[in-house]
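Asks: Take this structure first; my questions come after.
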Amino acid sequence: MESNEKKIKLKLPLVVEGRYDKSTLSGFISGTVITTGGFSIFNNKEKQALIRRIAKDGVIVMTDSDGGGRQIRAFLSGIIPKDKIHHLFIPEIEGKEGRKARPSRSGRLGVEGMSREVLERLLLPFADGGEAVSRGREITKTDLYLDGLSGRDNSAERRAALCSLCELPSDMTANALLEALNLLYGYDEYKKLVSQVFCI
C-alpha cells in the first residue's frame, strides 16, 4: 500500500554511489540525487565537473560505510571545496541487501539497505519546509535532436557553445549533457538558453 506521507524536500543536492541507492531514496526524497557510478567517478571527468557544478551552493555526500565508500568520499572531498560539502555517514549494520545473493565484502548494509527511518533521520536537517518548485517536464533526447545538439553534423560544436554558457565542460557527449541539463534546469530554462546561444 502506498504511503500518503509527503516526501522530504532536500535543500541541497545529494550524491550517492549507485542507482540502487538512488532508487531507495527516491521513495521518500524529493530533490536532486546524483550517482557517482561507483569507482567510475575517478576517471569520469564529465561527472566530476557536473558534481562540482551542482555543489556551488553546497552538496550532501552519503556513501556506504565500507572501504569503497570511504575511497569515493575521500575523492569527492578532493574535488569539492571543504565549505561546500556535507558528509552524512550511515551506521555500520551487518546484513545483506535483498537483491544480492550474498553479503558484500564488508558484510555491512549499504545506503540501499538502510531503513527509511535511518535515512530520514540523517537527511531531515537538510530538509526544506517549503513546497518543491516544479521545473516542468524533463528535457529529452528528442529535444536535443530538434535543437541540433545531437545527431547532426555540427552537433558537437553546438553542444560546446551551450556548455560554455552553462559553465559545463565543452566536450560533453549528448547523453552527459542531457543529464546535466535535467539536473540544473527545467525545460523552459533550457529553451531560453538555447535561444540565447543560437538565436532560434
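Per numbering that gives the first Met the number 0: the sequence shown ends with 199, consecutive numbering throughout. For glycine and all other residues, C-beta sits at the position ideal for the given N, C-alpha and C. As the structure is a computational prediction, the values presented were derived from the model and not from experiment.
Do valine 58 and valine 15 come within 8 Å of each other at the CB atom, strictly closer than that value?
Replies: No, the pair does not count as a contact, with Cβ atoms beyond the cut-off.
Asks: With a 10 Å radius around its C-beta and 16 neighbouring C-beta atoms as the bar for buried, classify proline 80 as buried or exposed.
Replies: Exposed is the call here.
Asks: Here's the rule: buried if 16 or more other CB atoms are within 10 angstroms of the residue's CB, otherwise exposed. What is glutamate 111?
Replies: Flag for glutamate 111 reads buried.
Asks: Which term fits cysteine 165, buried or exposed, when burial requires 16 or more other beta carbons within 10 angstroms of its beta carbon?
Replies: So cysteine 165 counts as buried.
Asks: Fully enclosed by the region 131–157, which beta strand (DSSP E) runs are 3 residues long or longer?
Replies: As far as the region 131–157 is concerned, it has no whole beta strand (DSSP E) run of at least 3 residues.
Asks: Opposite leucine 11 in the DSSP bridges: which residues?
Replies: Looking at the DSSP assignment, leucine 11 forms no beta bridge with any residue, so it has no partner.
Asks: What residues in its chain sit with their C-beta under 8 Å from that of leucine 192, if we drop five residues either side in the sequence?
Replies: So the qualifying residues of the chain are Leu161, Leu164, Cys165 and Tyr184.
Asks: Would isoleucine 89 and valine 117 be called neighbours here (beta carbons separated by less than 8 Å)?
Replies: The answer is yes: Cβ separation under 8 Å.
Asks: So, for glutamate 45: in the same chain, excluding its five sequence neighbours on each side, which residues have a beta-carbon less than 7 Å away from its beta-carbon?
Replies: For glutamate 45, where only same-chain residues beyond five positions count, the Cβ hits under 7 Å are Pro168, Met171 and Ala175.
Asks: To the nearest angstrom, report how far apart arginine 98 and proline 124 are at their CA atoms.
Replies: Approximately 30 Å, taken between the alpha carbons.
Asks: For the candidate residues Arg115, Arg151 and Leu143, whose alpha-carbon lies nearest to that of serine 194?
Replies: Nearest C-alpha to serine 194: Leu143.
Asks: What are the start and end residues of the beta strand (DSSP E) that includes isoleucine 33?
Replies: Segment 32–34, the beta strand (DSSP E) holding isoleucine 33.
Asks: Tell me whether leucine 108 sits in a helix, a strand or coil according to DSSP, three-state version.
Replies: In the structure shown, leucine 108 sits in coil (DSSP, three-state: anything other than H, G, I, E or B).
Asks: Identify whether isoleucine 84 lies in helix, strand or coil by the three-state DSSP scheme.
Replies: DSSP places isoleucine 84 in strand when its eight states are reduced to three.
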